[in-house]
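What follows is a set of notes on a single structure, which appears directly below.
Number of protein chains: 2
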Amino acid sequence: MRNLPIGVFDSGIGGLTVVKSILKELPKESIIYLGDTARVPYGTRDNDTIKKFSVELTKFMINKNVKAIVVACNTMSAVALDEIRRTAGKIPVIDVITPTIEEAIRLKGTSVLGVIGTRATAHSRAFQAQIARHGKHYKVIQTACPLFVPLVEEGLVNGKVTELVAKDYLEEINKSNADVLILACTHYPMLSKVIRKVLRRTLKIIDCASPTAKYLKELLNDQNLLNLNKSSPELKFYVTDNPDRSFEIANIFFDGKFPGKIEKISL
Amino acid sequence: MRNLPIGVFDSGIGGLTVVKSILKELPKESIIYLGDTARVPYGTRDNDTIKKFSVELTKFMINKNVKAIVVACNTMSAVALDEIRRTAGKIPVIDVITPTIEEAIRLKGTSVLGVIGTRATAHSRAFQAQIARHGKHYKVIQTACPLFVPLVEEGLVNGKVTELVAKDYLEEINKSNADVLILACTHYPMLSKVIRKVLRRTLKIIDCASPTAKYLKELLNDQNLLNLNKSSPELKFYVTDNPDRSFEIANIFFDGKFPGKIEKISL
């Protein structure tokens, strides 16, 4: 059981930002990644479509015999977590929202939280609901940034257009009294340079990659699922479309050292 | 046979620009429209994925017993026309590329043709191949505009961001000696105000909606398929996701007079 891989999935290649953190936190673990690039983006779609697609990705991971599932996508975490857990049965499922909110709340001085994500994530009000559980004094300012995912999937992680889109999306949060900005989409860390450039300086940025990887480590440890084997772990990366461009963009994100190939599969 | 509907499909709601022209040209015809909004955009995906999706849309139309199929999508016309025709069997299939090129060539003084479309359309070189058949003296300057479809599907048909994206994409064509610009994507007419604003004034703009509708009329006439019935035609609009937002955007495009409802279906 301990030697089985961890399944990580996302609508596209954004979830690789989470994989990067998992590799750092849990270098002995085997990972199977699946990005549904044939149907990306998810965050602009209806909830029932997102749920249907999410269940298909979960079934893929069940067939791959994973020991845990990481939903490396805020949209699916916000909209389809119940369906994913129901499908996964006894396999533990980790979302990216819970660990990230906990991390943001732990930061000194957090009081007003800016949250940027997809339209589906914003519409779900999952962040508002979870943050409210930590206390009534927290305020949330949320903005949907529907073009950020297409920009990342296009490889436009910097440049004039991306900067202007970012400036436009972040205007409200920049003008607010938010003290932390949550990148509530696993694609957004790929835009972090641009976001930092146009963001008010006093705003701290948090993304879900590192908090989720740490949370996963704790869970595997608690459930005696950590891989103790000394043999080298296996990393498998699958997408449903565009393996070559996916690799190119992933490689930029991994500073030219992407740790595997990307294969195309059909769901 | 004459009373059967015409099937029109697209990856999203862009194909409604073609429907608008068909309604004008052929007001007696019943139309079934299908936009695959659960998987839009197509133009950023691999050819085999586009072919697979196109065949599914074609089968939907066959089941609806249509008398003709209009592929209201340049990406599918450029990449998957053979597969669509093979699937459609005896049902005549019209693409949007052939009529549009003929229209552009007919314009007085056309010599250098600017073509903007999706990445898949650009990559197929379908426009270059077809234009070359009209004579060796024609020159084609083609640019892929992968963010235009997400912008339209988001309803961002005007505004600062769209204008800046358009300016960036059209820079090369603006600087060239092109005398006509073909909007080689059925989504792009929805951006025509912005495109006109940033485009060099001397460039004429052609889109595929009107040429395709006229071509369809000729074909139906030639094959004795025109509806001669005087009863009012039926218009059915289907999408695979986001029926409400699809309706909103469609309604803007039809100046508040969208001629029907939009229903959601599963493929």
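Chain order of the listed sequences is A and B. The first sequence begins at 45 in my numbering and counts up one residue at a time. The second sequence begins at 45 in my numbering and counts up one residue at a time. Using N, Cα and C, we set each Cβ at its ideal position, and we do this for glycine too. These figures come from a predicted structure and were not determined experimentally.
Original post:
Is there a Cβ from chain B that is less than 8 Å from the Cβ of Ala82/A?
Top reply: Interface criterion met: the Cβ of Ala82/A is under 8 Å from a Cβ in chain B.
**OP:** List the residues of chain B whose Cβ lies closer than 8 Å to the Cβ of Glu198/A, in chain order.
**Re:** Thr88, Pro190, Leu191, listed in chain order.
Original post:
Is the Cβ-Cβ distance between Val84/A and Ala116/A less than 8 Å?
Top reply: Not in contact: Val84/A and Ala116/A (Cβ atoms no closer than 8 Å).
Subject >> First through last residue of the beta strand (DSSP E) which encompasses Gln186/B >> reply: Its beta strand (DSSP E) spans residues 183-188.
Subject >> Local Cβ density within 10 Å of Glu147/A, reported as buried at 16 or more and exposed below that >> reply: So Glu147/A counts as buried.
Original post:
What does Asn286/A touch in chain B if you count any residue whose Cβ is under 7 Å from its own?
Top reply: Neighbours of Asn286/A on chain B, chain order: Arg89, Asp90.
Subject >> CA nearest to the CA of Leu157/A, picked from Thr206/A, Ile149/A, Ala164/A >> reply: Considering only Thr206/A, Ile149/A, Ala164/A, the residue with the shortest C-alpha distance to Leu157/A is Ile149/A.
Original post:
In the DSSP assignment, what are the bridge partners of Ala253/A?
Top reply: DSSP output for Ala253/A lists no bridge partner at all.
Original post:
For the stretch 151-179 of chain A, which residues have a CB atom closer than 9 Å to at least one CB atom of chain B, in sequence order?
Top reply: Residues are counted here when their Cβ sits less than 9 Å from a Cβ of chain B; for the stretch 151-179 of chain A these are Arg163, given in chain order.
Subject >> Host beta strand (DSSP E) of Ala228/A (start-end) >> reply: That run of the beta strand (DSSP E) goes 224-228.
Original post:
Nearest to Pro143/A by CA position, among Pro287/A, Val114/A, Ala132/A, is which residue?
Top reply: Ranking Pro287/A, Val114/A, Ala132/A by CA distance to the CA of Pro143/A puts Val114/A first.
Original post:
For Cys189/A, which residues of its own chain have a beta-carbon under 6 Å away from its beta-carbon, when the five flanking residues on both sides are left out?
Top reply: These residues qualify, in order along the chain: Ile160, Tyr213.
**OP:** Pull out every residue of the stretch 211-222 of chain B whose Cβ sits closer than 7 Å to any Cβ of chain A, in chain order.
**Re:** Per Cβ criterion, the list reads Asp212.
**OP:** Would you mind sorting Gly59/A into buried or exposed? The rule is 16 or more other CB atoms within 10 Å of its CB.
**Re:** The residue in question, Gly59/A, is buried, as its Cβ has 16 or more Cβ neighbours within 10 Å.
Subject >> Assumed close pair Tyr232/A, Ala164/A - CB separation to whole angstroms, cut-off 8 Å >> reply: At roughly 15 Å, the Cβ-Cβ gap does not stay under 8 Å, so Tyr232/A and Ala164/A are not in contact.
**OP:** Could you check what DSSP says for Lys237/A in three-state terms: helix, strand or coil?
**Re:** When secondary structure is reduced to three states using DSSP, Lys237/A falls in the helix class.
Subject >> Sequence-distant residues of its chain with Cβ nearer than 7 Å to Leu151/A (five each side left out) >> reply: Correct list, in chain order: Val224, Lys248.
Original post:
Going straight from the alpha carbon of Ser121/B to that of Thr284/B, what length do you get?
Top reply: When only Cα atoms are considered, Ser121/B and Thr284/B end up about 20 Å apart.
**OP:** Using 10 angstroms around the beta-carbon of Ile309/A, count the other beta-carbons present and answer buried if the total reaches 16, otherwise exposed.
**Re:** Exposed, since its Cβ has fewer than 16 Cβ neighbours within 10 Å.
Original post:
Would a check of beta-carbon distances place Val242/B closer than 8 Å to chain D?
Top reply: The structure shown contains no chain D; the protein chains it does contain are A and B.
Original post:
Straight-line CA distance for Cys229/A to Ser275/B?
Top reply: Across the structure, Cys229/A and Ser275/B are spaced so that their CA atoms are roughly 52 Å apart.
**OP:** Could you tell me which residues DSSP pairs with Phe281/B in its beta bridges?
**Re:** According to DSSP, Phe281/B bridges with Tyr77/B.
Original post:
Contact between the stretch 181-199 of chain B and the stretch 191-202 of chain A: three or more CB pairs below 8 Å?
Top reply: Between the stretch 181-199 of chain B and the stretch 191-202 of chain A there are three or more inter-stretch CB-CB distances shorter than 8 Å, so the stretches are counted as touching.
Original post:
Does DSSP put Val114/A in a helix, in a strand, or in coil?
Top reply: Strand at Val114/A.
**OP:** Within 10 angstroms of the Cβ of Thr286/B, are there 16 or more other Cβ atoms? Answer buried if so, exposed if not.
**Re:** For the sequence presented, residue 286/B should be read as Asn rather than Thr. Counting Cβ neighbours within 10 Å, Asn286/B comes out buried, since at least 16 surround it.
Original post:
Nearest chain B C-beta to Thr93/A closer than 8 Å, yes or no?
Top reply: Chain B contact via Cβ: present.
**OP:** Pick out whichever of Glu73/A, Leu48/A, Ser65/A, Leu78/A has its Cα sitting closest to the Cα of Asp54/A.
**Re:** Across the set Glu73/A, Leu48/A, Ser65/A, Leu78/A, the C-alpha of Leu78/A shows the shortest separation from the C-alpha of Asp54/A.
Original post:
Counting only beta-carbon atoms, is Lys301/A nearer than 8 Å to chain B?
Top reply: By the rule that beta-carbons nearer than 8 Å mark a contact, Lys301/A does not touch chain B.
**OP:** Please state if the CB of Leu243/B and the CB of Asn218/B are separated by a distance shorter than 8 Å.
**Re:** Yes. Within cutoff.
Original post:
How long is the line joining the alpha carbons of Val110/A and Asn295/A, rounded to whole angstroms?
Top reply: Approximately 25 Å, taken between the alpha carbons.
Original post:
Using a Cβ-Cβ distance under 8 Å, would Leu208/A count as near chain B?
Top reply: Chain B contact via Cβ: present.
**OP:** Work out the CA separation of Asp299/A and Leu208/A for me, nearest whole Å.
**Re:** If you take the alpha carbons of Leu208/A and Asp299/A, they lie about 25 Å apart.
Original post:
Any chance the stretch 99-107 of chain A sits against the stretch 66-76 of chain B, with 3 or more Cβ pairs inside 8 Å?
Top reply: At 8 Å Cβ cutoff, the stretches do not touch.
Subject >> Amino acids of chain A, ordered along the chain, whose beta-carbon sits closer than 7 Å to that of Val205/B >> reply: Against chain A, a Cβ distance below 7 Å from Val205/B picks out Leu208, Val209, Asp212.
Subject >> Endpoints, alpha helix (DSSP H) assigned at Val63/A >> reply: Bounds of the alpha helix (DSSP H) holding Val63/A are 60-69.
Original post:
By Cβ distance, which residues of its chain are closer than 8 Å to His181/A, with the 5 residues on each side in sequence left out?
Top reply: The residues are Ser155.
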